[in-house]
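Reminder that position 58 of the sequence shown reads as 51 in this note's numbering, one-by-one numbering, no gaps. Each remark here refers to the structure printed beneath this line.
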Amino acid sequence: MTDPTLLRFPEGFFWGTATAAYQIEGAWNQAGRGPSIWDSFCRVPGAIRAGENGDVASDHYHRWQEDLGLMSELGVNAYRFSIAWPRILPDGVGAVNAAGPDFYDRLVDGLLSRGITPFVTLYHWDLPQALQDRGGWANRATAQHFADYARIVADRLGDRVTRWMTHNEPFVAALVGHLTGEHAPGLRSVEATFAATHHLLLAHGLAVAALRAAAPRVPKVGLALSLDCIHPASDTVEDQAAALRWDGLVNRLYLDPLFRGRYPDDTLALAGPAFPTIQAGDLATISAPLDFVGINYYTREVIRHDANEPVYQIGRVNPVGNDYSMMWEIYPPGLNELLTRVTREYAVPSEIYITENGIPVPDGIDADGRVRDVRRVAYLQAHIAQVHQAIAAGLPIRGYFVWSLLDNFEWAQGYHMRFGLIHVDFATQTRTIKDSGRWFRRVIDANGLRAPRAS
Ligand code: FCB
-6 MTDPTLLRFP EGFFWGTATA AYQIEGAWNQ AGRGPSIWDS FCRVPGAIRA
44 GENGDVASDH YHRWQEDLGL MSELGVNAYR FSIAWPRILP DGVGAVNAAG
94 PDFYDRLVDG LLSRGITPFV TLYHWDLPQA LQDRGGWANR ATAQHFADYA
144 RIVADRLGDR VTRWMTHNEP FVAALVGHLT GEHAPGLRSV EATFAATHHL
194 LLAHGLAVAA LRAAAPRVPK VGLALSLDCI HPASDTVEDQ AAALRWDGLV
244 NRLYLDPLFR GRYPDDTLAL AGPAFPTIQA GDLATISAPL DFVGINYYTR
294 EVIRHDANEP VYQIGRVNPV GNDYSMMWEI YPPGLNELLT RVTREYAVPS
344 EIYITENGIP VPDGIDADGR VRDVRRVAYL QAHIAQVHQA IAAGLPIRGY
394 FVWSLLDNFE WAQGYHMRFG LIHVDFATQT RTIKDSGRWF RRVIDANGLR
444 APRAS
């Protein structure tokens, strides 16, 4: 009997979890890994909550086999992880550290032997420090170094890995790393921000070509973007203009060059002379057709004009009476709104993945050993229902990845923000599957879920 209240997903839908190397691996100075900008940034006093760092993180570098077993317990058929550039090339360029590719080689084999499709991200923010010392993403040469690194990884894993993402959230890498200084490399420079933006995008385009040239099996190539659902705080002209400025900086500065081959005029004008020189051919490189696009969605942003905000006079509002997690507003309809907008306005590829979606919850283990993270279950259920709605409307969503597999090092927030389907006791590294992980398994087994009750 078919259950009419079950929202069923298409056959072959990818259900996965996502992680990033620096957030889970640890072993920061082991097996030949070079230092990254996050190793350096974590040592800056005051940069990270409680002075924490990713030196050990979830110790995945040593516990990857146990973690593979846990993935099988969750029942996922896909896993998105990132490769640590400084494990492959400790200096960013030059000699390959053999232990680096070996580690990912074993991980990929382990995934495949369990029927889990690897989705590999090449850059999830851990730039080799040696390249930062030469200017980092603000230096155009870094784009070519990234393409060289992509080729090395594709050479080694491309006989088995077919899903590749160049970058994770270039917007965050550029703006949070170079303008607000809350992430590595901790700069506060408008020039560095736009230089990093352009060079990250250029690096993406060069790496797309490198992956296609090097991988023995025809790869599917894309990237994961952090896109926002943005609403103006009011219908005043000022608030609407501020929302448009923010939309330009977060969304269109990436979507336009990738899918239209040009930067948005209003955002270029906003950047003014801070935008670096765009050389002939750059935009053609950046807009190389992709096989898929990944979208990371967490929240919406309500934006107002704020004359006191430096640089762009953009302020955020948290509407009273709405629902908030430890970090952001919980706003499921924003996901469908965003997907609808992106597919309507851009010639995006015919495969879309939700490459991240999740919520921090202050999870603790109860006396009976369970982690009752009911808020996470409600959050995931509401967002997966949005994905279902988008698919029902004809949008080509092919997979959904929960952020994250494990509790891990949440960047500037340290270990305080727990995003995992699996609880990690950081003192002992003991893993415990949370109620949300068991719930997710049931969704995967049913290839669908019960519609959330309307609130
Ligand atoms: C995203 C990042 C990911 C994680 C989540 C919570 O912006 O890509 O690494 O930190 O936020």
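C-beta atoms are modelled at their ideal positions from N, C-alpha and C, and glycine is treated no differently. Keep in mind that this is a model prediction, so the values were computed, not measured.
Cβ-based neighbour list, Glu330, same chain, cut-off 7 Å, excluding 5 preceding and 5 following = Answer for Glu330: Cys222, listed in chain order.
In angstroms with no decimal places, state the Cα-to-Cα distance between Asp148 and Pro342. Using only the alpha carbons, I get a separation of about 25 Å.
> Roughly how far, in whole angstroms, is the beta-carbon of Ala11 from the beta-carbon of Ser397, given that I think they are within contact range, below 8 Å?
Replying inline: 6 Å
His53 - containing beta strand (DSSP E), residue span: Run containing His53: none in the beta strand (DSSP E); it sits in the alpha helix (DSSP H), His53 to Leu67.
Just to check, is the beta-carbon of Gly351 closer than 8 Å to a non-hydrogen atom of the ligand FCB?
yes
**Asked** Can you tell me whether DSSP reads Ala189 as helix, strand or coil?
**Response** Looking at Ala189 - three-state DSSP - the assignment turns out to be helix.
message: Taking 8 Å as the cut-off, is the C-beta of Asn289 nearer than that to any heavy atom in the ligand FCB?
response: yes
Q.
Nearer than 8 Å: is that true of the beta carbon of Phe112 relative to any heavy atom of the ligand FCB?
A. no
Pop quiz: Tyr536 and Ile109 are said to be a contact at Cβ under 8 Å. What is the actual Cβ separation, rounded to whole angstroms? This structure leaves residue 536 out entirely; the chain is present only between -6 and 448.
Q. Beta-carbon separation of Leu104 and Leu67 under 9 Å?
A. no
Exercise. Arg80 to Asp98, Cα distance in whole Å?
Worked result: 13 Å
Checklist entry - What is the DSSP secondary structure of Ile41, counted as helix, strand or coil? => result coil
Open item on the list: Using the three-state DSSP reduction, which class does Trp404 fall into: helix, strand or coil?
Closed with: The three-state reading of DSSP puts Trp404 in helix, counting H, G and I together.
Next item on the list: Use the C-beta contact count for Met320: other C-beta atoms within 10 angstroms, 16 or more gives buried, fewer gives exposed.
Entry: exposed
*With contact counted as at least three CB pairs below 8 Å, one residue from each stretch, are the segment 407 to 423 and the segment 375 to 390 in contact?*
no
request  = Could you tell me whether any non-hydrogen atom of the ligand FCB is closer than 8 Å to the CB of Asn70?
outcome  = no
Review point. So the alpha helix (DSSP H) Thr333 belongs to, where does it begin and stop?
Key: Pro326 to Glu338
Distance between Glu344 and Trp8 (C-alpha atoms, nearest Å) = 14 Å
### Query
In three-state terms, what does DSSP make of Val154?
coil
Cross-strand partners of Lys213 (DSSP beta bridge): Arg156
Requested in this report: Check whether the Cβ atoms of Ala202 and Ala140 sit closer than 9 Å, and answer yes or no.
Outcome: Contact annotation: Ala202 and Ala140 have beta-carbon atoms nearer than 9 Å.
Check your understanding: Nearest to Gln233 by CA position, among Met410, His117, Val49 and Gly308, is which residue?
Key -> Taking the Cα of Gln233 as reference, the smallest distance to any Cα among Met410, His117, Val49 and Gly308 is reached at Gly308.
Discussion item. Considering Cα atoms alone, identify which of Gly413, His409, Gly430 and Ile415 is closest to Ala43.
Written reply: His409
Query - Segment contact flag, the segment 169 to 176 with the segment 142 to 156, C-beta cutoff 8 Å, min 3 pairs - result: no
Inset, instruction - Using 8 Å as the cut-off, classify the Cβ of Val417 as near or not near the heavy atoms of the ligand FCB, replying yes or no. - result: no
Worksheet item: When the Cα of Ala123 is compared with those of Phe433, Leu0 and Pro28, which residue comes out closest?
Response: Pro28
message = Whole angstroms are fine: how far does the CA of Asp(-4) sit from the CA of Leu218?
response = 35 Å
Quiz item: Cβ of His298 versus every heavy atom of the ligand FAD: is any distance shorter than 8 Å?
Solution: Ligands displayed in this structure: the ligand FCB; the ligand FAD is not among them.
Between Trp8 and the ligand FCB, is there a pair consisting of the residue's CB and a ligand heavy atom that are separated by less than 8 Å?
no
- Query: Taking one C-beta from the segment 185 to 193 and one from the segment 151 to 158 each time, how about it: are there three or more such pairs within less than 8 Å?
  - Reply: Not touching, per the Cβ criterion.
Exercise. Count the other CB atoms, across all protein chains shown, that sit within 10 Å of the CB of Val364; report buried if there are 16 or more and exposed otherwise.
Key: It is buried - the Cβ of Val364 has at least 16 other Cβ atoms within 10 Å.
- Taking the alpha-carbon positions, what's the Ile17 to Val113 distance? 15 Å
task = Could you tell me if the beta carbon of Trp404 falls within a distance shorter than 8 Å of some heavy atom in the ligand FCB?
result = yes
Next item on the list: Tell me whether His298 sits in a helix, a strand or coil according to DSSP, three-state version.
Entry: strand
I'd like to check one pair, Ile347 with Gly407: are the Cβ atoms closer than 9 Å?
No; because the gap between Cβ atoms is not below 9 Å, this pair is not in contact.
| said: Tell me whether the segment 249 to 258 and the segment 276 to 292 touch, counting them as touching only if at least three CB pairs, one residue from each stretch, are closer than 8 Å. | reply: yes
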